[in-house]
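Novice: The sequence shown runs 2 to 395 under the numbering used here. Cβ coordinates follow ideal geometry from the N, Cα and C atoms, glycine included. On a predicted model such as this, the values are computed, not experimentally measured, just so you know. Below: one structure in structure tokens.
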Amino acid sequence: MAAKSIADLDLQGRRVFIRVDFNVPLTPAGGVSDATRIRASLPTITHAVERGARVVLASHLGRPKGRFKPEFSLLPVAAYLAEALGRDVVLADEPAGDGAKKVVNDLRDGGVAILENLRFAPGEEANDENFSRALATYADVYVNDAFGTAHRAHASTVGMVKYVANKGMGFLMESEAKMLGKLLGEVQRPFVAIIGGAKVADKIGLLESLLGRADTVCLGGVMANTFLCAQGANMGRSLVETSKLPIARAFLAKAETSGVQIILPRDLVVAEDAKAESGTVVSSAGVPSDQAALDIGPESVAEMAAVLSRAGTVFWNGPMGVFEAQPFAVGTIAVAKAMAQVMGGTTVVGGGDSGAAVHRAGVASSITHISTGGGASLEFIEGKKLPGLAALES
Ligand code: ADP
Ligand code: MG
């Protein structure tokens with residue numbers, strides 16, 4: 002059976018365990034520096050509170066590697082949340098155990114508690130049975146709203162779920178599944194994918210899956226550097242994932258037979274490094290040996306913008322250049338703006354840096370959907386079944 006929505010679950014007086022993704026960046030002083038992920042789950046939490054649930058929140062934060070480490074405590078998150086909800090949020094001093102049990106037992110209808118960082122327990126990432134069972138003892142109802150972690154089979158996303166009869170998606174999870182799902186079935190054509198960024202190895206699977214579905218794939222960033230290098234271009238000091246050159250060559254050959262148009266940058270902006278105050282435009286046929294490609298050039302921007310202007314569906318992941326440095330942000334910002342002008346079609350952005358770039362370009366409100374998931378959105382678009390979502394079906 003398809004996964005239910007939290008809107009269809011009976012919550013009144015029940016202990017509702019909500020797996021959230023509160024893996025937020027903290028300030029050196031111990032505050033929350035970017036609360037986007039916390040805010041994204043507020044509708045789900047508020048809904049549960051208003052329905053009279055006893056809300057038990059659970060999240061990971063950073064990589065404490067299975068041990069208590071004070072710098073990874075969810076204390077700043079609990080404080081932020083209490084402020085945002087305008088009510089008390091009790092933080093248990095551990096993810097599971099007598100302390101957690103007491104905090105959960107003391108909850109009243111409409112009350113909110115949060116377990117300490119799930120990854121303080123080694124059983125979380127190991128998807129350990131005992132830890133899964135311990136978490137399940139805090140839940141009459143299980144809700145998963147942690148889309149960003151849905152591609153991981155951990156105790157809190159998969160292991161515990163089989164022990165709870167009533168389960169479903171939070172509103173964030175539901176909207177991610179619905180919006181990203183639009184790209185998996187019949188789409189309005191042409192379907193244009195723009196893939197850039199740095200993590201070539203992580204995105205090869207996505208590229209392969211797009212061969213059967215997209216009409217045009219535009220490449221930028223280190224992805225483009227790697228593909229240009231695979232075609233024999235001298236890339237100078239550019240970042241290239243050399244171990245992926247054979248895969249890049251095989252991909253280009255496959256693209257040719259499958260009839261998918263691949264657009265590589267015609268020109269690039271190069272400089273000694275990303276600290277340079279400005280760059281020089283060169284043909285992508287050759288980057289000078291003492292220079293690195295840090296952005297796509299104006300001709301490439303024009304070509305990709307033209308493709309986007311005719312698109313019916315667009316998926317974008319990965320910036321076109323080192324957009325954190327202002328002189329090399331031009332290509333990325335231009336692509337974001339061209340995407341925002343797509344009329345009547347569906348435009349979807351996945352990936353933390355690409356999402357940030359869309360906000361930086363000031364066009365976030367003109368994009369159909371900006372996913373909160375990095376790896377999870379890539380795997381979803383690739384057509385993989387995410388374990389955290391699959392666990393909610395039955
Ligand atoms: P996302 O988070 O959207 O999935 P990635 O994490 O894969 O994107 O890639 C983002 C990073 O890629 C940024 O830090 C950016 O500086 C880097 N990047 C993009 N183009 C280049 C380039 N030509 N050279 C070096 N780094 C690049
Ligand atoms: Mg990133």
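Going by CA-CA distance only, name the one from G87, T28, L390 that's closest to V50.
Specialist: Answer by Cα proximity: G87.
Novice: Select from V33, K66, G221, S42 the residue whose C-alpha is nearest the C-alpha of D22.
Specialist: Among V33, K66, G221, S42, the Cα nearest to that of D22 belongs to S42.
Novice: Report the residue from V57, I7, L62 whose alpha carbon sits nearest the alpha carbon of V25.
Specialist: Considering only alpha carbons, the answer is L62.
Novice: Contact check, V91 vs R16 under 8 Å by CB: the rounded distance?
Specialist: V91 to R16, Cβ: 13 Å. No contact.
Novice: Beta carbon of L136, beta carbon of S157: below 7 Å?
Specialist: In contact: L136 and S157 (Cβ atoms closer than 7 Å).
Novice: When DSSP labels each residue in this structure, what does F148 get in the three-state scheme?
Specialist: Three-state DSSP puts F148 in a helix.
Novice: For the ligand ADP, any of its heavy atoms closer than 6 Å to the Cβ of S355?
Specialist: Yes.
Novice: Taking contact to mean 3 or more Cβ pairs, one atom from each stretch, closer than 8 Å, check whether the stretch 169-184 and the stretch 72-89 are in contact.
Specialist: No, they do not touch.
Novice: I want to know whether the stretch 318-329 touches the stretch 267-279 - three or more CB-CB distances under 8 Å.
Specialist: A contact exists between the stretch 318-329 and the stretch 267-279.
Novice: Using the rule of at least 16 other Cβ atoms within 10 Å of the residue's Cβ for burial, across every protein chain shown, is T314 buried or exposed?
Specialist: With 16 or more other Cβ atoms within 10 Å, it is buried.
Novice: From L379, S6, P71, G32, pick the residue whose C-alpha is nearest to that of L211; which is it?
Specialist: The option with the nearest alpha carbon to L211 is L379.
Novice: Go to V78, then tell me how far its alpha helix (DSSP H) extends in each direction, as first and last residue.
Specialist: Taken as a continuous stretch (DSSP letters only), the alpha helix (DSSP H) holding V78 covers 76-86.
Novice: Hey, which unbroken runs of the beta strand (DSSP E) at 3 residues or more fall wholly within the stretch 301-341?
Specialist: Listed in chain order, they are 314-318.
Novice: Among S355, L295, D146, whose alpha-carbon lies nearest the alpha-carbon of R20?
Specialist: Comparing Cα-Cα distances from R20 to each of S355, L295, D146, the minimum goes to D146.
Novice: Going by the CB atoms, is the gap between V223 and V201 shorter than 7 Å?
Specialist: The answer is yes: Cβ separation under 7 Å.
Novice: Quick one: give me the first and last residue of the beta strand (DSSP E) that K103 is part of.
Specialist: That residue, K103, is in no beta strand (DSSP E); its alpha helix (DSSP H) goes 99-106.
Novice: If you draw a straight line from the C-alpha of N235 to the C-alpha of Q342, how long is it?
Specialist: Whole-angstrom Cα-Cα distance: 35 Å.
Novice: With 16 as the cutoff for other CB atoms within 10 Å, does Q13 come out buried or exposed?
Specialist: So Q13 ends up on the exposed side.
Novice: By Cβ distance, which residues of its chain are closer than 6 Å to E300, with the 5 residues on each side in sequence left out?
Specialist: Here the set comprises R267, D268.
Novice: Just to confirm, is the Cβ distance from A335 to V302 under 7 Å?
Specialist: Yes, these two residues count as a Cβ contact at 7 Å.
Novice: Using DSSP with H/G/I as helix, E/B as strand and the rest coil, what is A275?
Specialist: In this structure, A275 counts as coil in the three-state DSSP scheme.
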